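Reviewing the structure listed below.
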């Protein structure tokens with residue numbers, strides 16, 4: 001592992017330990033596990049399916065915009081995960097359990113957060129009235145990744161920045 005990445009892991013593992021301890025309470029674990037599962041695609045693909053039904057051509061345009069941006073986000077984050085190969089907190093420290101099964105071995109960046117931020121940003125550009133739903137859900141998805149022992153805070157922060165950059169770049173091209 002790269003030295004800078006090892007040092008970053010050492011700095012962040014204490015935050016991950018605290019988050020992990022709190023997630024072992026069932027009243028907290030269950031909602032965050034559900035949010036994480038929904039953030040894995042179920043929520044977003046459902047939204048993309050509903051938009052054309054509710055708003056016709058404009059909804060279809062928004063859904064396609066989200067879908068194309070999501071594909072670019074997938075390519076970007078898979079490439080970064082393969083390059084950095086940052087081990088997840090649950091694989092780094094024995095006292096940080098994965099509270100849900102990880103989708104892959106590496107943590108940087110958080111794909112859930114990257115997609116949630118990109119999808120929310122694009123959807124809100126078309127439908128600002130959805131902010132009451134999308135903003136809290138996106139923040140909860142991001143928090144769930146650390147709470148469930150799957151990501152370091154910097155994985156989530158960098159994914160948030162990447163998601164914003166990707167979404168707003170795509171919006172500049174479309175609008």
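Numbering (the working numbering), first residue to last: 1 to 175. Virtual Cβ for every residue (Gly too), placed ideally from N, Cα, C. The structure presented is a predicted model; accordingly, all values stated were derived computationally and were not measured.
Limits of the unbroken alpha helix (DSSP H) element including residue 2: Counting along the chain, residue 2 sits inside no alpha helix (DSSP H), nor does DSSP assign it H or E at all.
The ligand COA heavy atom lying under 8 Å from the CB of residue 108: You won't find the ligand COA in this model; it holds no ligand whatsoever.
Contact under 9 Å by Cβ, residue 181 with residue 5: Any property of residue 181 remains undetermined from this structure, which presents the chain solely from 1 to 175.
Straight-line gap, residue 48 to residue 104 (C-alpha atoms, nearest Å): Take the alpha-carbon of residue 48 and the one of residue 104: they are about 25 Å apart.
Residue 137 burial status per 10 Å Cβ neighbour count (16 or more: buried): By the 10 Å Cβ count, residue 137 comes out buried.
Contact under 9 Å by Cβ, residue 107 with residue 167: Contact flag unset, no.
Burial state of residue 82, where buried means 16 or more other Cβ atoms lie within 10 Å: Counting Cβ neighbours within 10 Å, residue 82 comes out exposed, since fewer than 16 surround it.
Buried versus exposed, by CB contacts within 10 Å (16 or more), residue 32: Taking all protein chains shown into account, residue 32 has 16 or more neighbouring C-beta atoms within 10 Å of its C-beta and is therefore buried.
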